[in-house]
Amino acid sequence: GKVVTVDSDTNNATVAFFESPTQPYARQMKVPLEQLTLTIPHEETVIYCIEPHSQRWTRARFGGSRPKGDFLVIFREDETTTLPIDEIFVLNKAPDTPINPADFLELQANAAPFFFPYRQAFLETYIQLRAACRAMASISSSAVELEPHHLAVVRRVLQDKNPKYILADEVGLGKTIEAGMVIREHALEATGHVSMLIAVPAPLVSQWREELAERFQLKQLIIDASTALAGLRQNEATEGIVICSHCDGCTLIERGFTPSLIAVDEVHQIASWPWSGDKDERYDFNLIAEGCRKAHYVLLLTGTPLHGHERNFLSMLHCINPEAYQVDETHLQDFTELVKNRENLGGIFSGLVPSVANVS
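Reminder that position 56 of the sequence shown reads as 56 in full-length UniProt numbering, one-by-one numbering, no gaps.
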């Protein structure tokens, strides 16, 4: 054991025993000072210590005493150091208690020279994989074939401090893949405690469930709207990925569901609601907009071109940034003029780039 504290008033010492790197001072007990005996480990005793450079628990061998009261610690034949005795630990398990390997593996404090080259090769490959994936775990853990523009979109969303985007690629370019990657990345960073709402047209609910379950390995997190509603009625925090219709999504938000991520597929189908004469549609759109305001991630998917659909796009932008984009006729006129000016500037710019044939 190792003396942790000494009480001079009672002449007792608190002695603890090293059971694992996660429990270096376990089974503490009071022992009279006169019963303590100073003991130094024998040479070549297996010990554990915190390696000075990596600051990680490491398995090593005891090499005996050295000058200035330190002791030699041998990690490998060509790698040694000296440490004071209070930083050196010897395994001492309680009687009839087996060693739990997880306590050592958790802090990478295991050591087996035979397996070292294999572990090293694995770590090098893992680091290369993370570098290739730009540290996005969703890339290597999803069964999808990615194109460069998918990675560019996903990376931009994940790196943004305000990750609220309209994904308006043309049909067939992979908006679902881009959204699925962001959804999986958020599920991984939330370590299972996810709360997401995927609102899609009713005929596409089963397709989205299949996509996220099979291609993005999220089957265990997917729940339906009825399950989420049941939890809300009992005032329980709803955890999981709710995939439902647009209308069911409005109902969930109305009942108090506040997901950290909202994705709306075919959002142009509900973008006309705030301009509708039907007050129920206007009310439902306001629910979606409020949910988007509270969510950290917002993904609005549409294949509708901007030109000729300024009303709908203003509604979508309102969900992204309600302060900057108000849904009324005055702001619609300003937005339409802005789009027109942007198109004119875009035409001028495209006529000047070197790839255009009329530029010498």
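We treat Cβ as the ideally placed atom computed from N, Cα and C, and that holds for glycine.
If you're wondering where the values come from, they're calculated on a predicted model, not measured in any experiment.
Since residue i is in the beta strand (DSSP E), which residue starts that stretch and which ends it?
i: Lys164; result: 164-167
i: Ala182; result: Here the sequence assigns Val to residue 182, which means Ala is not the residue at that position. No beta strand (DSSP E) contains Val182, which is instead part of the alpha helix (DSSP H) from 175-189.
i: Leu83; result: 79-83
i: Asp7; result: 2-7
State the beta-bridge partners of residue i as determined by DSSP.
i: Leu91; result: Phe18
i: Phe62; result: Val73
i: Cys49; result: Thr58
i: Met29; result: Val15
i: Leu197; result: Val242, Ile262
i: Ile223; result: Val242
i: Gln23; result: Ser20
I think residue i touches residue j, with their Cβ atoms under 8 Å apart; what is that distance to the nearest whole Å?
i: Pro201; j: Asp248; result: No, Pro201 and Asp248 are not in contact; Cβ-Cβ is about 11 Å, not under 8 Å.
i: Gln28; j: Val4; result: 7 Å
i: Ile243; j: Val194; result: At roughly 13 Å, the Cβ-Cβ gap does not stay under 8 Å, so Ile243 and Val194 are not in contact.
i: Ile253; j: Ile198; result: So it is not a contact: roughly 13 Å between Cβ atoms.
i: Glu124; j: Leu158; result: So it is not a contact: roughly 25 Å between Cβ atoms.
i: Pro259; j: Ala295; result: 6 Å
Can you tell me where the alpha helix (DSSP H) with residue i in it begins and where it stops?
i: Arg155; result: 148-159
i: Cys244; result: That residue, Cys244, is in no alpha helix (DSSP H); its beta strand (DSSP E) goes 240-245.
i: Ser138; result: 137-140
i: Pro101; result: 101-105
i: Val205; result: 205-210
i: His42; result: Run containing His42: none; DSSP gives neither H nor E here.
i: Pro117; result: 116-132
i: Arg311; result: 310-320
**Prompt:** Any contact of the stretch 42-52 with the stretch 75-87, i.e. 3+ C-beta pairs under 8 Å?
**Reply:** By the Cβ rule, the stretch 42-52 counts as touching the stretch 75-87, because three or more pairs are nearer than 8 Å.
**Asked** Just checking, does the stretch 286-297 make contact with the stretch 225-233 on the three C-beta pairs under 8 Å criterion?
**Response** Inter-segment contact for the stretch 286-297 and the stretch 225-233 is absent: fewer than three beta-carbon pairs are separated by less than 8 Å.
**Message:** As an exercise, report each continuous alpha helix (DSSP H) stretch of at least 4 residues that is fully enclosed by the stretch 230-308, in chain order.
**Reply:** 246-254, 268-271, 279-294
**Item:** Inter-stretch contact (C-beta, 8 Å, three-pair minimum) for the stretch 148-156 and the stretch 173-183
**Value:** The stretch 148-156, when compared against the stretch 173-183, does touch it at the 8 Å Cβ threshold.
**Request:** Evaluate the contact criterion for the stretch 157-168 versus the stretch 299-318: three or more CB pairs, one atom per stretch, below 8 Å.
**Result:** yes
**Prompt:** Any chance the stretch 8-19 sits against the stretch 87-97, with 3 or more Cβ pairs inside 8 Å?
**Reply:** yes
**Message:** Would the stretch 132-144 count as touching the stretch 58-67 if we require 3 or more Cβ pairs under 8 Å?
**Reply:** no
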